[in-house]
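Protein chains in written order, with my numbering: chain Y, 1 to 253; chain R, 1001 to 1268. Ideal placement from N, C-alpha and C gives every residue a C-beta, glycine not left out. The structure presented is a predicted model; accordingly, all values stated were derived computationally and were not measured. Since the structure comes first, as structure tokens, the remarks are kept for the end.
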Amino acid sequence: MTGSIVLNRVGKCFRRYPGTPVTTLKEAVLHGWRRGGRADQVEALKDVSFEIPSGTVTGLIGRNGSGKSTLLRLLAGIYRATTGTVEIQGRVSSLLSLGLGFHPDLTGRENVRMEGLALGLTRRAVLEQMDEIIRFAELEDVIDEPVRTYSTGMYMRLAFSIATTVDPDVLLLDEVMAVGDASFAEKCRARMERFKNRGKSILLASHDLAMIETWCQGALWLDRGELKYHGPAGETVRRYSESLQVPSPTPVT
Amino acid sequence: MIPRPVNTFGARLVRPTVVKYRWLVLEMVSRDLKSRYRRSALGLCWTLLNPILYMSVYSLVFSFYLRAGIEAYVVFVMSGLLPWLWFSGAISDGTASIVSGASFLRGTKFPAAVLPVVPVLSHLMNMLFSLPILFILMAIHHRSGGPCLLALPLVMLSQGLLMAGISSIAGTYNVFYRDLQQLIGHLLTLLMFLHPIMYPLATIPKSMQTYVEWSPLTILFRSYQQIFYEGVFPDFRKLSLVCLFSVGVLLLGGLLLRRQEEYFADSL
């Protein structure tokens, strides 16, 4: 079914090199050519399995370094799983850590074009959606300036606008709703609501537990790379809060 | 039993990433060309000025100081120089291409295989833009080229495939060993002087000639000299061997990049 996500025993290892993270030729000569031979592994995700049906908004919570971003990057296709399989039906669009994905010296318009083409759209499709992307991001005046001159909020608005306008089946968001002023946040919410109603799924990582409770039906709790709990958002947030020993927040309406 | 990720290399062989993302490649090539001479007063004129300045230097050294005594040396040197500038420019940019594409690779799902191909195409455009200089020099020295110019696309295609392969290999290794980026300029200088590009093959000591003669680069650059300078068809038997070699290098490069691709986002 379009928009569904199925993970089967997914693990992701990073190679960690003792000492400096950068491998140089000198090091390689001194320690032998076999790369990875002496590198030890860091397991960022361990044996994670879950299913998310389409048409749902799912929260992703956990402490810093618990693997939330790694999981989202795996789903976005930036990383490849070391073990296990990731099955996603339909087109994935992601809005991950801020600032990444844009080329600072290119103008906003050029970045939109690059991003769209990298998503596999044709040049014509990108042109057709260009105006809509710029309009939603409210960047008509600065779209032909290099993005390095943009403020964080402008950056974020453009990224959100691209990620949601290209009509993905799965939308991945990493701690992004905190940026942008109130009126833009409201526009984002409206757009996400429409998304959900059209049977698309959204996966949302956040530390804002109140938002997770109001926005999501289900939630995933990651702890040190392992899936600790997957259930209704309220229950997941309650268990997670208990583990943090802070009182469960009251949902805002 | 933990399931293993599926290998899709076979599918990529049938429909390479570069073909699938051709619009992205075109966009990046045009951006590359635009940004290369941005903020320079003469702008696109540098495409013509660069080879003319190189030609002047080599003419001074080989024709005037060393008295190589080659007839119409400017035509000789230019016919090897233009493809060499394509080669060296694209390979040095290609080596850095994946590392400089870090902002794309880390932020979105981005087809890494297109990155090393972009400089090959953008430097090709440069070469095509500067070809008129060569034709003017040929006209001045009463060399018309003639029907053997028809062989030019084949020579260029084979060089392009070879470069795409080398660029993918060098670009991939550079992610893990950044030393390559420092080293590549020197390797290219060495390659240039080892091959008969600025001087004819006959000036090399006899004992070395057989080795140099069969270098793929020699065959390629000899072909350009035959087409532009001598006005004869290149040796198609040797050229087809180079073609095979180029395809082999390209496959190797594609395979290597494909196997290492999953570590790019971790290592950048």
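(Q) Please tell me whether Tyr1021/R has its Cβ less than 8 Å away from any Cβ of chain Y. (A) yes
Q | Asn111/Y classed as buried or exposed, judged by whether at least 16 other C-beta atoms fall within 10 angstroms | A | buried
Q: Sort out for me which residues DSSP pairs Glu226/Y with in a bridge.
A: Asp223/Y
Q: Check whether the Cβ atoms of Ile1070/R and Ala1151/R sit closer than 8 Å, and answer yes or no.
A: no
Q) Between Gly37/Y and the rest of its own chain, which residues show a CB-CB distance below 7 Å, the 5 nearest in sequence each way excluded? A) Unreliable placement is indicated for Gly37/Y, whose pLDDT of 47 sits below 50; the coordinate value is still reported in the next sentence. Cβ within range, chain order: n/a, list empty.
Q | C-beta atoms of Ala1096/R and Gly1254/R nearer than 8 Å | A | no
**Q.** Members of the segment 1213–1238 of chain R near chain Y, C-beta cut-off 8 Å
**A.** none
Q | Alpha-carbon spacing of Leu244/Y relative to Val86/Y, whole angstroms | A | For Leu244/Y and Val86/Y, the gap between their C-alpha atoms comes out near 30 Å.
Q) Given that a residue counts as buried once 16 or more other Cβ atoms are within 10 Å of its Cβ, and exposed if not, what is Gln1182/R? A) exposed
(Q) Quick check on Tyr240/Y - is its C-beta less than 8 Å from some C-beta in chain C? (A) No chain C appears in this structure, whose protein chains are Y and R.
Q: Identify each residue in the segment 1106–1131 of chain R for which the Cβ-Cβ distance to at least one residue of chain Y is less than 8 Å, and report them in chain order.
A: In summary, the residues of the segment 1106–1131 of chain R whose CB is separated from some CB of chain Y by less than 8 Å are Arg1106, Gly1107, Thr1108, Lys1109, Phe1110, Pro1111, in the order they occur in the chain.
Q) Does Arg80/Y have its Cβ less than 8 Å from a Cβ in chain R? A) yes
Q: Indicate whether the contact test is met: 3 or more Cβ pairs, each with one atom in the segment 213–228 of chain Y and one in the segment 58–68 of chain Y, closer than 8 Å.
A: yes
Q: Could you work out which residue in Asp141/Y, Gly199/Y, Leu119/Y, Phe195/Y is closest to Ser4/Y when comparing CA atoms only?
A: Answer by Cα proximity: Gly199/Y.
Q) In the structure shown, what three-state DSSP assignment does Glu1261/R receive? A) helix
Q. Where Leu213/Y and Leu203/Y are concerned, what is the direct C-alpha to C-alpha distance, given to the nearest angstrom?
A. Residue 213/Y is actually Glu in this sequence, not Leu. In a straight line, the C-alpha of Glu213/Y is about 13 Å away from that of Leu203/Y.
(Q) By the three-class DSSP mapping on this structure, what secondary structure does Ser94/Y have? (A) strand
Q) At which residues does the beta strand (DSSP E) containing Gly67/Y begin and terminate? A) Here Gly67/Y belongs to no beta strand (DSSP E), and DSSP marks it neither H nor E.
Q: Spell out whether any CB of chain R is found under 8 Å from the CB atom of Met156/Y.
A: no
Q.
Using a Cβ-Cβ distance cut-off of 8 Å, determine whether Ala118/Y contacts chain R.
A. At least one CB of chain R lies nearer than 8 Å to the CB of Ala118/Y.
Q) Going by beta carbon distance, what residues of the same chain come within less than 7 Å of Arg148/Y, once the five residues before and after it are set aside? A) Pro104, Asp105
(Q) Does the contact criterion of 3 or more C-beta pairs under 8 Å hold for the segment 1153–1166 of chain R versus the segment 1214–1228 of chain R? (A) yes
Q) Leaving out five residues before and five after Ala159/Y in sequence, what residues of the same chain have Cβ atoms less than 6 Å from its Cβ? A) The residues are Leu95.
Q) Can you name the residues that DSSP bridges to Ser201/Y? A) Val170/Y
Q) If we cut at 8 Å on Cβ distances, does Gly108/Y have a partner in chain R? A) no
Q. From the beta carbon of Arg113/Y, is the nearest beta carbon of chain R less than 8 Å away?
A. yes
Q. Of all the options Arg1036/R, Ser1168/R, Ser1040/R, which has the alpha carbon lying nearest to the alpha carbon of Leu1017/R?
A. What sits at residue 1017/R in the sequence shown is Thr, not Leu. When Arg1036/R, Ser1168/R, Ser1040/R are compared, the shortest CA-CA separation from Thr1017/R is found for Ser1168/R.
Q: Taking Val147/Y as part of the alpha helix (DSSP H), name the residues at either end of that continuous run.
A: From DSSP, Val147/Y is part of no alpha helix (DSSP H); its letter is neither H nor E.
Q: Quick one: which unbroken beta strand (DSSP E) runs of 3-plus residues sit fully inside the segment 1219–1261 of chain R? Chain order, please.
A: List check, beta strand (DSSP E) in window: nothing returned.
Q.
The beta strand (DSSP E) that contains Ile78/Y, what's its start and end?
A. Here Ile78/Y belongs to no beta strand (DSSP E), and DSSP marks it neither H nor E.
Q) Helix, strand or coil: which one does DSSP assign to Asp40/Y? A) DSSP places Asp40/Y within a strand segment (E or B) once states are collapsed to three.
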